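To start, the structure itself, in structure tokens.
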Amino acid sequence: MDRLTAHLNPEQLAAVTLPHEHALILAGAGSGKTRVLTTRIAWLIQNGLVSPAGVLAVTFTNKAAREMLARLSAMMPLNPRGMWIGTFHGLCNRLLRAHHRDAALPQTFQILDSADQLAAIKRLMKSLNIDDQRHPPRQVQQFINGAKEEGLRAKDIEIVDDFNRRHVELYAAYDDQCQREGVVDFAELLLRSHELLERNLPLRQHYQARFSHILIDEFQDTNTLQYKWLKLLAGPRSAVFAVGDDDQSIYRFRGANIGNMAAFEREFGVKNLVKLEQNYRSHGHILDCANTLIRNNTTRLGKELWTEAGEGEPVRIHEALSDTLEAQWLLEEVRGLINEGWARSDIALLYRSNAQSRVLEHALFSAGIPYRVYGGLRFFERAEVKHALAYLRLMENAADDTSFLRVVNFPARGIGARSIEQLQDAARMAGSSLFDATATLSGAAGTKLQAFAQLIARLRQETALLPLPEVVEHVVERSGLIVHYQSEREGQERIENLRELVNAAAAFLAEQGVDTQMPANAGLADDVITMTPLAAFLSHASLEAGDNQALEGTDALQLMTVHSAKGLEFDGVFITGLEEGLFPHENSIQEQDGLEEERRLMYVAITRARKRLYLSLSQTRMLHGQTRYNLRSRFLEELPEEHLKWLTPRAGLARNDWGGAGQGGWGGAGWAGGARGSGYGNTGTERGSGRYIGGGSSGGRALDAPTYTSPADQRAAARFDRGVPWRAGQTVAHARFGEGVILAIEGSGQDARVQINFGRQGVKWLALSVAKLDPVA
DNA sequence: TCGGTTCAGAGTATT
DNA sequence: TCTGAACCGA
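The number in this note's numbering is simply the position in the first sequence, starting from 1, with 82 added.
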């Protein structure tokens, strides 16, 4: 026991050794949150305060669950298998498998991932002849998931207009379809187990009595339904130990409800609130930046990080002229670090949106620096893997129409759209699955469809007695997938992935051990899940999409969005694109609490860095095919000057003497044509929101061409001479709106107007004859 | 049924 | 600008 708690700081120790009561642990970034969670569990068990079976620990990601399990196994000789540690979805799956009858599900129900769900919705809408222009399937999907995450069934939703009536009808029809086909989507896993526990009193009491300690990680990310689920599981004798950080709540767009933290405190009568504020990750300058920034948020529970690590280096800021030059600078800086002996994998390049990675990748690729981009397709999401899984799913559950349609003609068997339509009609008439309806069709189409059904039946028989990896191997071979990809030009990689699927099955079996093969018990058999290894593997494949295929093992630079970086840490971090509109993102500004969430996102980004933090921005950026002039991000202005080190002049380049002499190392780069700087009246080809300037070539050429040689340029120069002393990209000050960047100039003389991006004040058109503008120098 | 063309849209993401 | 999805012709 001493060994467990000896190395904890006073707050950590307090949290770990709390009495058997509800508790809220406010765990700042880098404050040892996972250590507290796992040590709490180990401490409870070692002191005989709970048996492993009495512990329920919930996380959001499989990665977090795995990490918790790994750390626990290192702390305790116990087999942690008896504990319920997993993701919300994983645990719900376990619950529903164990009580599938009570939950009105077939034992072999399949789990739809987001893509499967969308396909199911499209298919449904087609069968109901619903206009998918007026009701885009994605929107319907969002509606359904949103409702489920609020804990609402179709019947619970109030109908306010015809449009929403359609959505509600689709929701009901979708649920019927899923029920018929024996499939559940992600949100359904949660909702269905909630309903199961809500309706079944003995079952609920059983689990409430069993789980005397419920621990939740990343509590600030819980959605409404997850919170309700926890409330239902927590019985009169359960203690809920919720760990979270309101300052790191960045997932509202996916349903996370920060309000759950306050609700938890209130509804559970939480008396134990522990703040973990000592940070073990970052140096002082970095932490002070984070603290100061987040203080600008008004709705906080309140927390201040501190460290014993010392000040470290100041935070470096670099302002580039263009996005490519920003990338160029990053490249040089990274090279420098590598020459100093830094490992590439200790350096992360963060950005707000995925689109920003392209420019960075281009620079890194050209320079031959290995990098790894997070996000993207993951193993179980790859088309060939999903095809193989569809065969396996059909073998488990022939009613799975989504899987049926996916592979009925893949590889091609001469079953065309018309045959499928006939089959769908027949199935609808008979109220049966597509698989069963194959028997009713006659003619050539019927024969082919029946042959497919027989193929599935045959695969099922042939593999009945085989161990899981051989089942997968057999299906991959006999389904014709391998042969198909052999004839495809770029099929080799796909074949390798199919082989890898066999390995994944073997690995899964080895890890899972005997768990899946235990016999069923009567009554409230909650630990014993009667699942074939195949069914368990299919659940696993749906619930854990696997890694993306990035090359593991090589020492590579880490590229990712700020969101993906949450929970990670690096010695060196570059936060790029710190511009108004990008970070904070313009879409978020309209949203309620959107700006505060962006600020939390910035806070998350800053607190990823251990030793060295770089912030970078660019004056122009190519976005949606237009050159865009952005203001510096307000978040930069919110950082304390004494912790910063500007690598470029603080005021940046937005001056009268663009590209002029004496501007340090970047005077000659990119916009070396400063000579024309005295003015270029861009007539601006307005499009959309008008936030962009330049219509491709005219804007672009102006930037590169220093002299007025072309007729167009001469005209532009003439226009300037007639008295429009401004140019696009220039920073100006306005008495009421503050600083802004000129986006476009229209007209001349008395009619001249300028469009200015005033950042938080918005984008405005001002008449030059009226508005009083000053150059910012 | 494939392959080219056209068009819209372009924010963050786990299960 | 660039991408993915939808669509049409052979």
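In this text, a Cβ means the ideal position worked out from N, Cα and C, and glycines have one as well.
Treat the numbers as computed from the prediction; the structure is a model and nothing was measured.
| query | result |
| --- | --- |
| Contacting residues, own chain, Cβ-Cβ under 7 Å from Phe861 (five flanking each side not counted) | Outside the shown range of the chain, which is 83 to 859, sits residue 861, and nothing can be said about it. |
| Backbone CA spacing between Arg460 and Leu206 [nearest angstrom] | 27 Å |
| Inter-residue Cα distance where the pair is His365 and Leu848 | 46 Å |
| Beta-bridge partners of Thr169, as assigned by DSSP | Thr141 |
| Coarse secondary structure for Asp856, derived from DSSP in three states | strand |
| Burial state of His367 (16 or more Cβ within 10 Å) | buried |
| For Phe652: DSSP bridge partner residues | Ala691 |
| Contiguous alpha helix (DSSP H) assignments of at least 4 residues, all confined to the stretch 223-298 | 244-263, 268-281, 283-292 |
| Beta-carbon proximity check, Glu821 vs Val858, cutoff 9 Å | yes |
| For Arg703, three-class secondary structure by DSSP | strand |
| Nearest neighbour of Pro549, chosen from Pro615, Ser524, Asp507, Glu593 [CA to CA] | Pro615 |
| Run of the alpha helix (DSSP H) containing Leu729, from where it starts to where it stops | Taken as a continuous stretch (DSSP letters only), Leu729 belongs to no alpha helix (DSSP H), as it is neither H nor E. |
| Own chain, CB closer than 8 Å to Phe301, minus 5 neighbours either side, in chain order | Leu106, Ala324, Val325, Gly326, Asn342, Met343, Phe346 |
| Proximity winner among Asp428, Leu446, Thr381, relative to Leu650 (alpha-carbon distances) | Asp428 |
| Nonlocal neighbours in the same chain, by C-beta distance under 7 Å from Ala425, ignoring five residues either side | Asp637 |
| Within 9 Å, strictly: CB atoms of Gly112 and Leu90 | no |
| Same chain only: Cβ atoms within 8 Å of Gln287, ignoring 5 sequence neighbours per side | Gly317 |
| Rounded distance between the beta-carbons of Arg692 and Asp653, thought under 8 Å | 5 Å |
| The stretch 174-183 contacting the stretch 129-147, beta-carbon criterion three pairs below 8 Å | no |
| Gly394 classed as buried or exposed, judged by whether at least 16 other C-beta atoms fall within 10 angstroms | buried |
| Length of the line joining the Cα atoms of Ala547 and Leu471 | Residue identity differs from the one stated: residue 547 is Leu in this sequence, not Ala. One C-alpha to the other measures close to 19 Å. |
| Contact check, Phe517 vs Asp483, beta carbons under 9 Å | yes |
| Start-to-end residues for the alpha helix (DSSP H) that takes in Lys204 | 196-209 |
| Bridge partners - Lys846, DSSP secondary structure assignment | Ile838 |
| Limits of the unbroken alpha helix (DSSP H) element including Arg348 | 341-349 |
| Backbone CA spacing between Gln360 and Lys385 [nearest angstrom] | 10 Å |
| Integer-rounded CB distance, given that Ser515 should sit under 8 Å from Ala480 | 6 Å |
| Cβ contact check for the stretch 270-281 and the stretch 297-311: 3 or more pairs under 8 Å | yes |
| Presumed contact (8 Å Cβ cut-off) between Tyr333 and Thr643, rounded CB distance | Contact doesn't hold; Cβ gap of about 13 Å is too wide. |
| Simplified DSSP state of Gly418, which is helix, strand or coil | helix |
| Per DSSP, the bridge partner or partners of Lys357 | Leu108 |
| Beta-bridge partners of Asn585, as assigned by DSSP | Answer is none; Asn585 lacks a bridge partner. |
| Where the beta strand (DSSP E) containing Leu324 begins and where it ends | Residue identity check: residue 324 is Ala in the sequence provided, not Leu. Its beta strand (DSSP E) spans residues 321-326. |
| Met642 - partner residues in DSSP beta bridges | Leu432 |
| Which residues DSSP lists as bridging Ala815, in chain order | Glu821, Asp856 |
| Limits of the unbroken beta strand (DSSP E) element including Val455 | 453-455 |
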